[in-house]
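Heads up, the sequence shown is in our numbering, so the first residue is 311 and it goes up one at a time.
No residue lacks a Cβ here, since even glycine has one placed at the ideal position from N, Cα and C.
Take a look at the structure below.
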Amino acid sequence: MPNIGWTELIVILVIILVIFGPKRLPEIGRSLGKGIKEFKKSSTELTEQLTAEEPKAPTVEKTEKVEETTEAPVAGPEPNSSENSST
311 MPNIGWTELI VILVIILVIF GPKRLPEIGR SLGKGIKEFK KSSTELTEQL TAEEPKAPTV
371 EKTEKVEETT EAPVAGPEPN SSENSST
């Protein structure tokens, strides 16, 4: 994604000023601000709804499964008689 420098930003603002005029520029700024505020509010509400509807997974079952797997015997290396006899 290309970076926008200060010169490009100034050129864009001058073009917007020429197109809309100095009288409508504050009105457009307010409308844009209200739109961004409404978008953020809607996205926050949607996120809250999705997290509220998400079912909670029982954690007790998970810990029981972990305990069962940790209690399983661990097989160690078998002693090799040829290595012991050569030393």
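Distance from F330 to I338 at the Cβ level is roughly 6 Å; contact confirmed, criterion being Cβ atoms closer than 8 Å. Membership of I346 in the alpha helix (DSSP H) is indicated by the continuous run W316 to E363.
If you draw a straight line from the Cα of S341 to the Cα of P312, it is about 27 Å long.
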